[in-house]
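*Asks:*
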Amino acid sequence: MRNSVENSDNLVDAHVDREISNCLNLQNPKSFFLFAGAGSGKTRSLVTVLKEFREKNYKQMQYKGQRVAIITYTNAACEEIERRLDFDPIFSVSTIHSFIWELIKDFNKDIKEWLYSNLKEQIEELELKQKKGRAGTQAANNRKKSIEKKYRRLETLEKINKFTYNPNGDNLSRDSLNHHEVISIGSYFLSFKQLMQKILIKKFPVLLIDESQDTNKDLINAFFEVENKYNSLFILGLFGDTMQRIYSDGKVDLGADLPERWAKPAKIMNHRCPPRIIKLINKIRSDIDGQEQRERTDKGDGFVRMFIFPITTTKKSAERIVAKIMADYTKDSKWTSQDADYTSLILEHHMAANRLGFFELFQPIYQVEKLKTGLLGGTLRELNFFTQIILPMVNAYKSKDDFTITSTVRKHSPLIKLAKDEKDQVLQIKKIKETVYEFLSMWDKNHDPLCLDVLRCVANLNLFEIPDSLYPFSVTGEESLGEKEELTIDKNEALMAWGECLNAPFSQIQKYDSYINGKSSFMTHQGVKGLEFPRVMVIIDDNESRGFLFSYEKLFGAKEKTESDIRNENEGKDTSIDRTRRLFYVTCSRAEESLAIVAYSSNPESVRKQVLSEGWFKESEVEIIWNLEINKESLFIP
Ligand SMILES: Nc1ncnc2c1ncn2[C@@H]1O[C@H](COP(=O)(O)OP(=O)(O)OP(=O)(O)O)[C@@H](O)[C@H]1O
């Protein structure tokens, strides 16, 4: 009997899926807003109700050539939802940037008009500031450069007939739009162009947005406007959690003034986390909206521990010690065995680069704003030259996989093409093979050449085409100086960064590749939303994070609030402490079994006092580790 009561308790939110399914009725459409805490099954509901919708409406949608649009935050989340919806083409699953680009991309004339007036407006604003501001300052110089750049863009606009855009890249060409522009243009078209509104609702009578708390506010407002106008033909469904708003352009208080006609189902259960972790995240949330989640009846208690270190601690060793303590505490060897399986959440990508050992390769490029997206998305041609051509060959060479070497050369090498035109092809192929193995011998005897040497060797042997930006480094002597000078005259920061990055050892290419393809055990606090892992180590280190948007030291009471924090607080505005608290909620709520928080602080004692007084942890769960050596000995850690 008890079991059935318990099991039925786990179904306490089942009514929500039914409520949403009722909304997804093309004859009687109703928009809805499902906001609920972490792990409450929002994404699961999204998939469940869509499967039911497909059963009922497949024929009608197919007949009219219509699709359901689902927008979510990352490419990884898109793939997961697509997979769970059986890759059915009736569903169009995309990130917000791809979705908007698909909608606007054929409206070149309108895009050009928008850019004209937007650029002119920006120039006017900057010129006004320039007049008012002091001359000769850094800000004035920057404004001057920015004005010149915008004028240049205005001039080139005339010649562009077709705009381009890559949602996953850096969009550096003249005719390309940047990420911000795509969203702004989309919001504007949807708000003011009736044709765009009609195209949207005709193509997609249902639009569902996951993680909508972080969707750009102008765009959300535009969708609200369309919904308001066409609510008898169009369903807008929002899934999200205000406590998980971690990007600054999301709409604050999303859902506060929804029309009466919207459905607003609520969920109270957390299906992901065990009771101890739910208790922690309920506490973290209590000051914000007091929403409390209930636990499933069939979960073990779960584990939470916090470890505080002085900032001077050697981090790699500290984290190894923590993993060992967690393994003992939880009796779970996956925290520390050979095939350890826990996920470390770091604040900034370079923290992963540091820990995983690809810092020299990564850091110079990460500094260049226009290369950042490509670096993190794995779309930079220069790095792909190494990751997609050289690295597979080197790995194949090490594992004596001749087939992969041959097929890579066949696919990418200009030598093959040249050989085809030669009379004695057999001889030519033999020569190519010798060249390839001469190149690969760079890795003999466990040698780890610099990327620069690899590049030069490829160029010398004419083995593969060298990406344009790397060309000046691929040649030596006078030729390279001439080329470099030409390109660096206007302080080409990208080129300088490539020069620095090429000085990294080639082994860093493999490490970088694993990280950006999600094959390492490191993820960022922000990149982890929507995901879950059995064992989670949240690493907190404001010093290494460099950003000013978040401050764990303030959240944990190790640093005083600034005047502007206090002013914002008094005015009811979002402060860095609020933002950090939400980020902390997101990271802690990813854990399915056990959670370790590792904080490096300038004031460990204050942190301990604060987290205890907040009631987040019990005394026995918080530990300050002042000296790694003592712990190393007691834990037999080398
Ligand atoms: N009704 C349910 N019964 C059993 N398991 C569930 C149920 N709903 C969700 N889950 C499981 O709980 C976990 C969290 O679900 P999901 O990712 O959909 O939550 P979410 O609300 O989108 O989370 P978050 O906002 O934290 O990203 C998943 O492993 C999911 O399979």
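Numbering (our numbering), first residue to last: 4 to 641.
No residue lacks a Cβ here, since even glycine has one placed at the ideal position from N, Cα and C.
On a predicted model such as this, the values are computed, not experimentally measured, just so you know.
So is the beta-carbon of A3 under 7 Å away from any non-hydrogen atom of ligand 1?
*Replies:* The displayed coordinates of the chain run from 4 to 641. Any statement about residue 3 would go beyond what the structure contains.
*Asks:* If we ignore side chains and look at the alpha-carbon of each, how far apart do R582 and A326 end up?
*Replies:* Cα-Cα distance, rounded: 28 Å.
*Asks:* Can you check DSSP and say which residues form a bridge with R538?
*Replies:* Paired residue(s): S597.
*Asks:* Do the region 251-262 and the region 211-231 touch if we need at least three Cβ pairs shorter than 8 Å?
*Replies:* Counting Cβ pairs under 8 Å, three or more are found: they touch.
*Asks:* According to DSSP, L239 sits in a beta bridge with which residue or residues?
*Replies:* Note: L239 sits in a beta bridge opposite L210.
*Asks:* Taking DSSP as the reference, what is the three-state secondary structure of D493?
*Replies:* Summary for D493: the model assigns pLDDT 38, below 50, so the residue's position carries little reliability; its value from the coordinates is reported in the next sentence. Looking at D493 - three-state DSSP - the assignment turns out to be coil, as it is neither helix nor strand.
*Asks:* Between K54 and ligand 2, is the CB less than 7 Å from at least one heavy atom?
*Replies:* Absent from the structure shown: ligand 2. Ligands present: ligand 1.
*Asks:* Measure the CB-CB distance between I23 and P395 and report whether it falls below 8 Å.
*Replies:* Cβ distance not < 8 Å, so I23 and P395 don't count as in contact.
*Asks:* When you compare the CB positions of Q247 and Q216, do they come within less than 8 Å of one another, or not?
*Replies:* Yes, the pair counts as a contact, with Cβ atoms nearer than the cut-off.
*Asks:* Does the region 155-169 come into contact with the region 77-91, if we say contact requires no fewer than three beta-carbon pairs (one atom in each stretch) closer than 8 Å?
*Replies:* Judged by Cβ distances under 8 Å, the region 155-169 makes no contact with the region 77-91, as fewer than three pairs qualify.
*Asks:* Residues in the same chain with beta-carbon distance under 7 Å from E496, minus the five sequence neighbours each way, listed in chain order, please.
*Replies:* Excluding residues within five positions, the ones whose Cβ falls inside 7 Å are V371.
*Asks:* Considering Cα atoms alone, identify which of E151, A225, I212 is closest to I186.
*Replies:* Ranking the options by Cα distance to I186, first place goes to A225.
*Asks:* For D89 and R299, I'd like the C-alpha separation in whole angstroms.
*Replies:* Their Cα atoms are separated by approximately 28 Å.
*Asks:* Just to confirm before moving on: does the CB-CB distance between H43 and G240 stay below 8 Å?
*Replies:* At residue 43 the sequence reads Ser, which differs from the His that was named. Not a contact, by the Cβ cut-off of 8 Å.
*Asks:* When the Cα atoms are used, what is the spatial distance from L257 to S410?
*Replies:* Straight-line Cα distance between these residues: approximately 52 Å.
*Asks:* Less than 6 Å between C-beta atoms, sequence neighbours within five positions excluded: which residues of the same chain meet that for G560?
*Replies:* For G560, where only same-chain residues beyond five positions count, the Cβ hits under 6 Å are S609, Q613.
*Asks:* Is I349 helix, strand or coil by DSSP?
*Replies:* I349 falls in the strand class under three-state DSSP.
*Asks:* Where DSSP assigns a beta bridge to E298, which residues make up the other side?
*Replies:* Answer is N273.
*Asks:* Does the count of Cβ pairs from the region 577-594 and the region 257-266 closer than 8 Å reach three?
*Replies:* Because the criterion of three Cβ pairs below 8 Å is not met, the region 577-594 and the region 257-266 do not touch.
*Asks:* Per DSSP, what kind of secondary structure is S215 in: helix, strand or coil?
*Replies:* Note: S215 maps to helix in three-state DSSP.
*Asks:* Looking only at DSSP bridge pairs, what is T167 linked to?
*Replies:* Answer is S179.
*Asks:* Can you list, in chain order, the residues of its chain whose CB lies under 6 Å from that of S548, leaving out five sequence neighbours each side?
*Replies:* So the qualifying residues of the chain are L350, E351.
*Asks:* With a CB to CB cut of under 6 Å and the five nearest residues on each side skipped, what residues in its chain are close to D3?
*Replies:* The structure shown does not extend to residue 3, since the chain is modelled only from 4 through 641, so no value can be given for it.
*Asks:* Three-state secondary structure (DSSP) at V229?
*Replies:* It is helical.
*Asks:* Does the distance from the C-beta atom of F306 to that of T346 stay below 8 Å?
*Replies:* No; because the gap between Cβ atoms is not below 8 Å, this pair is not in contact.
*Asks:* With a threshold of 7 Å on Cβ separation, who are the neighbours of R137 within its own chain once the five nearest residues in sequence on each side are excluded?
*Replies:* Taken in chain order, the residues that qualify are A143.
*Asks:* Whose C-alpha, out of K564, L14, L37, is nearest the C-alpha of T245?
*Replies:* Of the candidates K564, L14, L37, the one whose C-alpha sits nearest the C-alpha of T245 is L37.
*Asks:* Quickly, what does DSSP pair G360 with across the bridge? List them, please.
*Replies:* Paired residues: none, contrary to the question.
*Asks:* State the Cα-Cα distance for the pair E624 and F312, rounded to the nearest angstrom.
*Replies:* Going by the C-alpha atoms only, they are around 14 Å apart.
*Asks:* Got a sec, what are the start and stop residues for the beta strand (DSSP E) F406 sits in?
*Replies:* Per DSSP, F406 belongs to no beta strand (DSSP E); it is in the alpha helix (DSSP H), 405-415.
*Asks:* In angstroms, rounded to a whole number, what distance separates the CA positions of T140 and Q125?
*Replies:* So the alpha carbons of these two residues sit roughly 20 Å apart.
*Asks:* Apply the 10 Å Cβ neighbour rule to H528 and answer buried if 16 or more other Cβ atoms are within range, or exposed otherwise.
*Replies:* Answer is buried; the Cβ neighbour count reaches 16.
*Asks:* Quick one: grab the DSSP three-state call for T527.
*Replies:* Here T527 sits in strand by DSSP.
*Asks:* For K123, which residues of its own chain have a beta-carbon under 8 Å away from its beta-carbon, when the five flanking residues on both sides are left out?
*Replies:* So the qualifying residues of the chain are L157.
*Asks:* For I284 and S592, which I take to be in contact (beta-carbon distance under 8 Å), what is that distance rounded to the nearest angstrom?
*Replies:* Indeed, because the Cβ distance is near 5 Å, the residues count as touching under 8 Å.
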